[in-house]
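S.K.: The structure is given below, and queries will be raised subsequently.
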Amino acid sequence: MKAILVVGGTGAQGAAVVRVLASTGDFGIILFTRSADSSQCQELLKLPDVEVAINSAPQGYDLEAFEAAARKSYGVFLNTDGFSLGEEAETYWGIRLYETAVKARVQHVVYSGLDDHFRNSGYDPKFYVGHFQGKARVQAYIQGQPKSLTAWTITRTGPYIEMLAEGMLPSQDANGRYIFAIPLEEGEMVFIHLEDYGRYIEWIFRNPARSAGLDLGIGIAHTSGKDIAEAFTAVTGKEAIYQSVPFDAWAKAAFSSFPNGADTKVGFRSGKADENLNMTYGQNFEGFFNLYKASKGNVGLVKRDYQLLDEILPDRVKSAKEWMEKVGYKGERKALLKEFR
């Protein structure tokens, strides 16, 4: 049994990876977490062959504890949380955790990243997204490292389609019609399905000869707002429409529970003063939606090799409709992200 040390395992993405790996019977999981008593961690500890290593650092990561756990591990799945850390700290800690994993002679590091759309746009400021760039800089660093000591793989993800039950939850009008109000205009989102993401990670660890050095962009399909509404009607039989709303109106509603609404700084939980954090949630997500407005038809800023993804996971979810059918989606709220929990 190969031990996999998981950073970020109690978050939405990491928990999906843990569940998939634990279900195989071939991987032991070491969760690197600050609290073994959290409800998220306790749920994962019910799975077979899952144990905990404690990150005792109040912010950031305890490198000594991480190294001790890494020395017992075949591989590391590394997903730092830029929303908690802030952009600058995520860049620093991503690099230091990678370096420490190599020092510990881990055989394979899988880094959960995001596309460098800012660079790909020619550094156009309207496409600057802090939580993307914190990871993109780490990816650029890892891509320059030799695979002779430690194999590495990068996965580039995107918004979770499960966010249709939280950040992009539909509302209902007076006639009971469902309204998906998203500031997307005619653009297309590139969602990932969390369970399938866990299965990609399983494939990576099982196939190091193919996955070492791979920079894998993951997605279900390029999906418009109209696609989402039509899929909902087809699956549930309930009338639904897509409305492209002004970004400010969406952000006001989406971040209404945050200390300063959409003006709250990304990384505010890190303990840093506001002046030491780079972007507000409003600024961050305005750039985020600008990316997908410029990504229609798999020919814009966000591109995916769907033929390769079909080869890796032939039975992957390939559309919003397939996902809604699979999970029984009915437009109901479901807690997912720590930011909204």
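Plus 3 on top of the position in the sequence shown (first one is 1) and you've got this note's numbering.
Glycine residues also receive a C-beta, built at the ideal position from the N, C-alpha and C atoms.
(1) What do you reckon, is the C-beta of residue 78 under 6 Å from a heavy atom of the ligand COA?
(2) Do residue 221 and residue 156 have their CB atoms nearer than 7 Å?
(3) Give the straight-line distance between the Cα atoms of residue 16 and residue 164, rounded to the nearest whole angstrom.
(4) Below 8 Å CB to CB, which residues in the same chain sit around residue 13 once its five sequence neighbours on both sides are set aside?
(5) Would you report the Cα separation of residue 234 and residue 245, rounded to the nearest angstrom?
(6) Compare the beta carbon distance of residue 23 and residue 76 with 7 Å and say whether it is the shorter of the two.
(7) What span of residues does the beta strand (DSSP E) with residue 225 cover, start to end?
(8) In angstroms with no decimal places, state the Cα-to-Cα distance between residue 223 and residue 139.
(9) So for residue 124, helix, strand or coil by DSSP?
(10) What is the C-beta distance between residue 146 and residue 90, in whole angstroms, given that I count them as a contact (C-beta under 8 Å)?
(11) Quick one: is residue 310 buried, meaning 16 or more other Cβ sit within 10 Å of its Cβ, or exposed?
(12) Cβ of residue 211 within 7 Å of Cβ of residue 143?
(13) Give the C-beta separation of residue 269 and residue 133 to the nearest angstrom, bearing in mind that I take them to be a contact with Cβ-Cβ under 8 Å.
(14) If you measure between the beta carbons of residue 168 and residue 333, is that distance less than 7 Å?
(15) Is residue 296 buried or exposed, if buried means 16 or more other CB atoms sit within 10 Å of its CB?
(16) Taking 7 Å as the threshold (C-beta atoms), are residue 199 and residue 20 in contact?
(17) Could you tell me which whole beta strand (DSSP E) segments of length 3 or greater appear in the stretch 154 to 237?
(18) Run through DSSP, which three-state label would residue 78 get?
(19) State the CB to CB distance for the pair residue 194 and residue 162, rounded to an integer number of angstroms; the pair is presumed to be in contact (CB under 8 Å).
(20) What is the DSSP secondary structure of residue 62, counted as helix, strand or coil?
(21) Compare the beta carbon distance of residue 8 and residue 68 with 7 Å and say whether it is the shorter of the two.
(22) DSSP beta-bridge partners for residue 54?
(23) Between which residues of its own chain and residue 119 is the CB-CB distance below 6 Å, once the five residues before and five after are set aside?
(24) Could you tell me which of 294, 327, 317 and 340 sits nearest to residue 128, measuring between CA atoms?
(25) Taking the C-alpha atoms as reference points, what is the distance between residue 252 and residue 231?
(26) Run through DSSP, which three-state label would residue 312 get?
(27) Whose CA, out of 115, 111 and 78, lies closest to the CA of residue 93?
(28) May I ask you to report which of helix, strand or coil DSSP gives residue 267?
(29) Looking at residue 188: is its Cβ nearer than 7 Å to the Cβ of residue 299?
(30) Under the rule that 16 or more other beta-carbon atoms within 10 Å means buried, what is residue 335, buried or exposed?
(31) I want to see whether chain B comes within less than 7 Å of residue 199, judged by CB atoms only; does it?
(32) With 16 as the cutoff for other CB atoms within 10 Å, does residue 126 come out buried or exposed?
(33) Taking the straight line between their C-alpha atoms, what separation do you get for residue 283 and residue 66?
M.R.: Let me spell this out:
(1) The ligand COA is not part of the structure shown, which contains no ligands of any sort.
(2) By one-based count along the sequence shown, residue 221 stands at place 218. By one-based count along the sequence shown, residue 156 stands at place 153. Going by C-beta atoms, residue 221 is not nearer than 7 Å to residue 156.
(3) As a first step, residue 16 is located in the sequence shown; it is residue number 13 there, counting from the start. As a first step, residue 164 is located in the sequence shown; it is residue number 161 there, counting from the start. When rounded, the distance between both Cα atoms is 12 Å.
(4) By 1-based counting over the sequence shown, the position of residue 13 is 10. Excluding positions up to five away in sequence, the list reads 34, 36, 41, 43, 44 and 47.
(5) In the sequence shown, residue 234 corresponds to position 231, counting from 1. In the sequence shown, residue 245 corresponds to position 242, counting from 1. C-alpha separation (whole angstroms): 11 Å.
(6) The residue labelled residue 23 in the question sits at position 20 within the sequence shown. The residue labelled residue 76 in the question sits at position 73 within the sequence shown. Taking 7 Å as the Cβ cut-off, residue 23 and residue 76 do not qualify as a contacting pair.
(7) Position 222 of the sequence shown holds residue 225. Segment 225 to 227, the beta strand (DSSP E) holding residue 225.
(8) Residue mapping note: residue 223 aligns to position 220 of the sequence shown, counting from 1. Residue mapping note: residue 139 aligns to position 136 of the sequence shown, counting from 1. Using only the alpha carbons, I get a separation of about 21 Å.
(9) The residue given as residue 124 occupies position 121 in the sequence shown. If DSSP states are grouped into helix, strand and coil, residue 124 belongs with coil.
(10) Taking the first residue of the sequence shown as 1, we reach residue 146 at position 143. Taking the first residue of the sequence shown as 1, we reach residue 90 at position 87. No, residue 146 and residue 90 are not in contact; Cβ-Cβ is about 19 Å, not under 8 Å.
(11) Working through the sequence shown from its first residue, we reach residue 310 at position 307. When all chains shown are included, residue 310 counts as exposed.
(12) Here residue 211 refers to the residue found at position 208 when the sequence shown is read from its first residue. Here residue 143 refers to the residue found at position 140 when the sequence shown is read from its first residue. No, these two residues do not count as a Cβ contact at 7 Å.
(13) For the purposes of this step, residue 269 is taken as residue 266 along the sequence shown, with counting starting at 1. For the purposes of this step, residue 133 is taken as residue 130 along the sequence shown, with counting starting at 1. Right, their Cβ atoms sit about 6 Å apart.
(14) To locate residue 168, count along the sequence shown from 1; it is residue 165. To locate residue 333, count along the sequence shown from 1; it is residue 330. No. Outside cutoff.
(15) Along the sequence shown, read from residue 1 onward, the residue named residue 296 stands at position 293. Burial call: buried.
(16) For the purposes of this step, residue 20 is identified with residue 17 of the sequence shown, where counting begins at 1. For the purposes of this step, residue 199 is identified with residue 196 of the sequence shown, where counting begins at 1. Not closer than 7 Å, so no.
(17) 154 to 159, 181 to 185, 191 to 193, 218 to 220 and 225 to 227
(18) Residue mapping note: residue 78 aligns to position 75 of the sequence shown, counting from 1. It is a strand residue.
(19) Here residue 194 refers to the residue found at position 191 of the sequence shown. Here residue 162 refers to the residue found at position 159 of the sequence shown. Contact flag correct, Cβ pair sits at about 6 Å.
(20) Reading the sequence shown from its first residue, position 59 is the one you call residue 62. Of the three classes helix, strand and coil, the one that applies to residue 62 here is coil, per DSSP.
(21) For this step, residue 8 is matched to residue 5 along the sequence shown. For this step, residue 68 is matched to residue 65 along the sequence shown. No, these two residues do not count as a Cβ contact at 7 Å.
(22) Within the sequence shown, residue 54 is the residue found at index 51, counting from 1. Partner(s): 33.
(23) Position 116 of the sequence shown holds residue 119. Excluding positions up to five away in sequence, the list reads 139.
(24) Counting from one through the sequence shown, the residue named residue 128 turns up at place 125. Of 294, 327, 317 and 340, the residue nearest in Cα terms is 294.
(25) Counted from its first residue, the sequence shown places residue 252 at position 249. Counted from its first residue, the sequence shown places residue 231 at position 228. Straight-line Cα distance between these residues: approximately 20 Å.
(26) In the sequence shown, residue 312 corresponds to position 309, counting from 1. Here residue 312 sits in helix by DSSP.
(27) Residue numbering aside, residue 93 sits at position 90 when the sequence shown is read from its first letter. With distances taken between Cα atoms, residue 93 lies closest to 115.
(28) Translated into positions along the sequence shown, residue 267 becomes position 264. Correct three-state label for residue 267: coil.
(29) Counted from its first residue, the sequence shown places residue 188 at position 185. Counted from its first residue, the sequence shown places residue 299 at position 296. No, the Cβ-Cβ distance between residue 188 and residue 299 is not below 7 Å.
(30) Residue mapping note: residue 335 aligns to position 332 of the sequence shown, counting from 1. Per the 10 Å Cβ criterion, exposed.
(31) Absence of chain B from the displayed structure is noted, only one protein chain being present.
(32) Residue mapping note: residue 126 aligns to position 123 of the sequence shown, counting from 1. Per the 10 Å Cβ criterion, exposed.
(33) For the purposes of this step, residue 283 is taken as the residue at position 280 of the sequence shown. For the purposes of this step, residue 66 is taken as the residue at position 63 of the sequence shown. Approximately 29 Å, taken between the alpha carbons.
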